[in-house]
Each structure stands twice: as C-alpha cells, then as structure tokens.
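In this note's numbering, the protein residues as written are 18 to 224.
Take a look at the structure:
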C-alpha cells in the first residue's frame, strides 16, 4: 500500500494531468446540478477519462435524485429608496407565491439573536448578517437559517455570502429544511457593502 501511495504521489508531483482534467470538467461542462443534462455529460466524461486511464469495469448506475430547477428570481429594496438587491435563490429553496413577497426586514446577527427577537420576526423577512468566522461555522446559517426563522413566523430569509471576501456578488449553495418548520423561500445576497444596507433597515429592527 505504501509503495502504491508513493507512486501516486510521485506521479502527481511531476504531472499536471489532474489539474488539466479538473479545468476540462469545470470549463467545458460547468455546473452540474442533480438531474441536469450537464450532469449527464459530466458522468459520460468521467467514465471516458477513467477508461482512458486504464481502469476496468467502469460503469454507470441509474439513481433517483431530487431535481431542483432555478426559476426567475429578483429582490428589490422598496424603502427608503427603490433599488434592486443582488441575490440568488439557495439550492432547494421553495419559491415565493406568484405575486412575490413584500415584507419588512429584520436583521439577525446569529441564531441566539434571532431567538431573542421573538415576535419581531413574525411576518417579516430575516436577514442573517453574520460575520464570517470559518466556513464550517458560518455555513450553518445557510443550511439551517430558513427553518430557524420559519419557526418564529418569518416569511422568507436572506443569507450573506458565506465567504470572508466577495466582489459584491451573492453566493448560493444548498439549504436544508427541518421537518418541524414551514418551508419558506431562502436566498443568498452579497457580503455587506459599506454600511448601506443595514442603514436602510428600519431602526427598530436593527441588530
């Protein structure tokens, strides 16, 4: 085993093949959501690369997976001035009603702060304005934030991009819905710009 590992490590140190394959997969096929045509192409590509590398018995197996398709999406700040907000729906999020959702925003710094807001959350959109610490800790708000807010009566959730830096672009990713909470729409928005957006939240709902 150690000898085989040493050969693999040695080959990786002198060859750029792995990076070339990764670039080919990402650049030529791109994102590969479950159930998409791009995923089918990625599976076929992977099988071809394995066979080209000398592997035997390469095969694909059919599986059933949930399929989520991104639809039309937008968010707009209505007060004190109207302007579009950068956003991307989180993977697996339910949609809004046909007419959309219009509600005040309440800002939560973390889960404990959300709980302390109590009835102030009901009927409102929760914006999790959580400072980035590390990915494992901060991504919890994307995974569990919607259900935590829904238990208190929130109608939707916005999550800051889970990253320490950003080019004012929203990030997306998968969320999870707990079985004991209503499913509400959830979207990612960009990291906080220079104090503008929190300043536009009504003072009573400031963190």
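The beta carbon of each residue, even a glycine, is placed where N, CA and C say it ideally should be.
Could you spell out the range, first to last residue, of the alpha helix (DSSP H) harbouring residue i?
i	result
residue 28	19-31
residue 68	54-69
residue 44	First-last for residue 44: undefined, no H or E at that position.
Can you tell me whether residue i is buried or exposed? The criterion is at least 16 other CB atoms within 10 Å of its CB, across all chains shown.
i	result
residue 98	exposed
residue 206	buried
residue 150	exposed
residue 24	exposed
residue 141	buried
residue 146	buried
residue 100	exposed
residue 72	exposed
residue 32	exposed
residue 208	buried
residue 176	buried
residue 39	exposed
residue 92	buried
residue 129	exposed
residue 186	exposed
residue 22	exposed
residue 144	buried
residue 203	buried
residue 28	exposed
residue 75	exposed
residue 61	exposed
From the options, pick the residue whose C-alpha is nearest to that of residue i; which is it?
i	options	result
residue 152	128, 181, 66, 143	181
residue 43	29, 30, 63	63
residue 34	66, 107, 89	66
residue 88	107, 94, 28	107
residue 194	186, 166, 179	166
residue 95	27, 126, 121, 80	121
residue 174	154, 118, 155	118
Need the endpoints of the beta strand (DSSP E) that residue i sits in, please.
i	result
residue 175	173-177
residue 204	203-206
query: Which runs of the alpha helix (DSSP H) fall wholly inside the region 88-157 and span at least 4 residues, in chain order?
result: 128-134, 152-155
message: Taking contact to mean 3 or more Cβ pairs, one atom from each stretch, closer than 8 angstroms, check whether the region 150-166 and the region 181-199 are in contact.
response: yes
task: Could you tell me whether the region 167-181 touches the region 194-207, using the rule of 3 or more Cβ pairs below 8 angstroms?
output: yes
query: Taking one C-beta from the region 72-86 and one from the region 48-55 each time, how about it: are there three or more such pairs within less than 8 angstroms?
result: The region 72-86 vs the region 48-55: in contact.
task: Indicate whether the contact test is met: 3 or more Cβ pairs, each with one atom in the region 133-142 and one in the region 94-112, closer than 8 angstroms.
output: no
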